[in-house]
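Asker: So that we are looking at the same thing, I have put the structure below in C-alpha cells.
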Amino acid sequence: GDSVTQMEGPVTLSEEAFLTINCTYTATGYPSLFWYVQYPGEGLQLLLKATKADDKGSNKGFEATYRKETTSFHLEKGSVQVSDSAVYFCALKTGANNLFFGTGTRLTVIP
Amino acid sequence: DAMVIQNPRYQVTQFGKPVTLSCSQTLNHNVMYWYQQKSSQAPKLLFHYYDKDFNNEADTPDNFQSRRPNTSFCFLDIRSPGLGDAAMYLCATGGFGLSTYNEQFFGPGTRLTVL
Numbered sequence: 001g002d003s004v005t006q007m008e009g010p011v012t013l014s015e016e017a018f019l020t021i022n023c024t025y026t027a028t029g030y031p032s033l034f035w036y037v038q039y040p041g042e043g044l045q046l047l048l049k050a051t052k053a054d055d056k057g058s059n060k061g062f063e064a065t066y067r068k069e070t071t072s073f074h075l076e077k078g079s080v081q082v083s084d085s086a087v088y089f090c091a092l093k094t095g096a097n098n099l100f101f102g103t104g105t106r107l108t109v110i111p
Numbered sequence: 112d113a114m115v116i117q118n119p120r121y122q123v124t125q126f127g128k129p130v131t132l133s134c135s136q137t138l139n140h141n142v143m144y145w146y147q148q149k150s151s152q153a154p155k156l157l158f159h160y161y162d163k164d165f166n167n168e169a170d171t172p173d174n175f176q177s178r179r180p181n182t183s184f185c186f187l188d189i190r191s192p193g194l195g196d197a198a199m200y201l202c203a204t205g206g207f208g209l210s211t212y213n214e215q216f217f218g219p220g221t222r223l224t225v226l
C-alpha cells in the first residue's frame, strides 16, 4: 500500500544552519507529494507541494524536489530561523482522497 | 479570508460523556475530512464526506460518528469517549475537481481532553 517514511527527529539546529529532512515514499500510480508544517498548538499548514516527477515545490525559503527515480521528496532550507521551529510532515496523495502522512519530524532552532 | 474553522479549540469531557466537535468552512469545498492526531503521531484519517456521501475508514471505531448537514458544516460525534480518545482532532477540506483538488486545507484543530 501507499506509505511515507520520514526521517526521525528530533532535529536541533543553530540559527542559519542548513536543514535537510529526508522523506521517501511508496506508492502505486503517480502520487502528489506535500510537506505540511505544524506549529505548537496549531493545525497543519501546507508548506509546499509537487504534483509530478522533477517538480520543485518552494515556499518561505524551503524547497523539495519530487524525485521519482529515488522515490524521495526531501525538504531543504539553506538558513533556518528560530521561527521555523515546528513539526514537519511529509505526505502523499494518490487518486483517492486520503493523505498518507509520515510520522513527523520535530525541528528546534536555537539562537 | 476563506478558511476552515473549528470550535471549540479546547474541549474537556468526562469519560463516557458524549461530545460533539464542530467544523465549518467558507471555501465551498465538496470534501470534508476528520483526522485524529495523538501526541507525537501523524494525523490518522477517521472518515470523510464527498458531498453527502459518507466514507468511513475501515479501522475507525464505531464510537466515532459524523454528520454533515450542509456543504459548510461537518460534526464529529464521540458517543462514549474513553481515555484513549484524548487527542487533537483536525478537520480538513478539499475541492475535488478544482486545480487544487489534491490539496487539503486544515483547520486549527480541537484538542480533546477526557477526564
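Top to bottom, those sequences are chains A and B. The opening position of the first sequence corresponds to residue 1 in this note's numbering, with each subsequent residue numbered one higher. The opening position of the second sequence corresponds to residue 112 in this note's numbering, with each subsequent residue numbered one higher. Backbone N, C-alpha and C fix where the C-beta goes; we use that ideal spot for every residue, glycine too. Only a predicted model underlies this, so the values are computations on that prediction, with no experimental measurement involved.
1. Does any C-beta atom of chain A lie closer than 8 angstroms to the C-beta of residue 152 of chain B?
2. For residue 64 of chain A, report the span of its beta strand (DSSP E) as first-last.
3. Taking a cut of 9 angstroms between CB atoms, which residues from the stretch 88-107 of chain A lie near chain B?
4. Can you give the beta carbon distance from residue 115 of chain B to residue 216 of chain B, rounded, assuming they're within the 8 angstroms contact cut?
5. From what residue to what residue does the beta strand (DSSP E) around residue 80 of chain A run?
6. Can you check whether the C-beta of residue 52 of chain A is within less than 8 angstroms of a C-beta belonging to chain B?
7. Please state the DSSP three-state secondary structure of residue 173 of chain B.
8. Could you name the residues of chain A that residue 201 of chain B contacts, counting a contact when the two beta carbons are closer than 8 angstroms?
9. So, using beta-carbon positions, are residue 62 of chain A and residue 46 of chain A closer together than 8 angstroms?
10. Where do the N-terminal and C-terminal ends of the beta strand (DSSP E) with residue 71 of chain A fall, by residue?
11. Below 8 angstroms on C-beta distance, what does residue 218 of chain B contact in chain A?
12. Does residue 118 of chain B come within less than 8 angstroms of chain A when only Cβ atoms are used?
13. By Cβ distance below 8 angstroms, which residues in the same chain neighbour residue 148 of chain B in space, the five residues on each side in sequence not counted?
14. Could you check if residue 210 of chain B is buried or exposed, using at least 16 other CB atoms within 10 Å of its CB as the buried criterion?
15. Using a threshold of 8 angstroms, state whether the C-beta atoms of residue 104 of chain A and residue 4 of chain A are closer than that.
16. Take the Cβ of residue 137 of chain B as the centre, count every other Cβ of all protein chains shown within 10 Å, and call the residue buried at 16 or more, exposed below.
17. Three or more C-beta pairs closer than 8 angstroms, one from the stretch 24-43 of chain A and one from the stretch 59-78 of chain A: is that the case here?
18. In chain C, what lies closer than 8 angstroms to residue 156 of chain B by C-beta?
19. According to DSSP, simplified to helix, strand and coil, what is residue 210 of chain B?
20. Any beta carbon of chain A sitting closer than 8 angstroms to that of residue 136 of chain B?
21. To the nearest angstrom, report how far apart residue 161 of chain B and residue 50 of chain A are at their CA atoms.
Answerer: Short version:
1. Taking the first residue of the second sequence as position 1, residue 152 of chain B is located at position 41. So, interface residue.
2. To locate residue 64 of chain A, count along the first sequence from 1; it is residue 64. From DSSP, the beta strand (DSSP E) with residue 64 of chain A extends over 62-65.
3. 89, 91, 93, 94, 95, 97, 98, 99, 100, 101, 102, 103, 104, 106
4. Locating residue 115 of chain B in the second sequence gives position 4, counting from the first residue. Locating residue 216 of chain B in the second sequence gives position 105, counting from the first residue. Taking the Cβ atoms as the reference, residue 115 of chain B lies roughly 6 angstroms from residue 216 of chain B, within the contact range of under 8 angstroms.
5. Against the first sequence, residue 80 of chain A aligns to sequence position 80. Run containing residue 80 of chain A: none; DSSP gives neither H nor E here.
6. Within the first sequence, numbered from 1, the residue matching residue 52 of chain A stands at position 52. It does not; no Cβ of chain B falls within 8 angstroms.
7. On the second sequence, position 62 is the one that residue 173 of chain B refers to. Residue 173 of chain B: coil per DSSP, three-state reduction.
8. Working through the second sequence from its first residue, we reach residue 201 of chain B at position 90. The answer, in chain order, is 43, 44.
9. Along the first sequence, read from residue 1 onward, the residue named residue 62 of chain A stands at position 62. Along the first sequence, read from residue 1 onward, the residue named residue 46 of chain A stands at position 46. In this structure, residue 46 of chain A does not lie closer than 8 angstroms to residue 62 of chain A by Cβ.
10. For the purposes of this step, residue 71 of chain A is identified with residue 71 of the first sequence, where counting begins at 1. Run containing residue 71 of chain A: none; DSSP gives neither H nor E here.
11. Counting from one through the second sequence, the residue named residue 218 of chain B turns up at place 107. Those within 8 angstroms of residue 218 of chain B in chain A are 43.
12. Here the question's residue 118 of chain B lines up with position 7 in the second sequence. No, no contact with chain A.
13. Position 37 of the second sequence, counted from the first residue, corresponds to residue 148 of chain B. Hits under 8 angstroms: 154, 155, 198, 199, 200, 201, 220.
14. Residue 210 of chain B sits at position 99 when you count from the first residue of the second sequence. Because residue 210 of chain B carries a pLDDT of 49, less than 50, the predicted location of this residue cannot be relied on, and no value is offered for it.
15. Sequence index remark: in the first sequence, residue 104 of chain A carries index 104 (1-based). Sequence index remark: in the first sequence, residue 4 of chain A carries index 4 (1-based). No, they are not a contact pair.
16. Taking the first residue of the second sequence as 1, we reach residue 137 of chain B at position 26. Residue 137 of chain B should be labelled exposed.
17. yes
18. Reference to chain C is not applicable here, since the protein chains of this structure are A and B.
19. Working through the second sequence from its first residue, we reach residue 210 of chain B at position 99. Summary for residue 210 of chain B: the model assigns pLDDT 49, below 50, so the residue's position carries little reliability, and this model does not support an answer.
20. Position 25 of the second sequence, counted from the start, is the residue given in the question as residue 136 of chain B. No, no contact with chain A.
21. Counting from one through the second sequence, the residue named residue 161 of chain B turns up at place 50. Counting from one through the first sequence, the residue named residue 50 of chain A turns up at place 50. Rounded to the nearest angstrom, the two C-alpha atoms are 24 angstroms apart.
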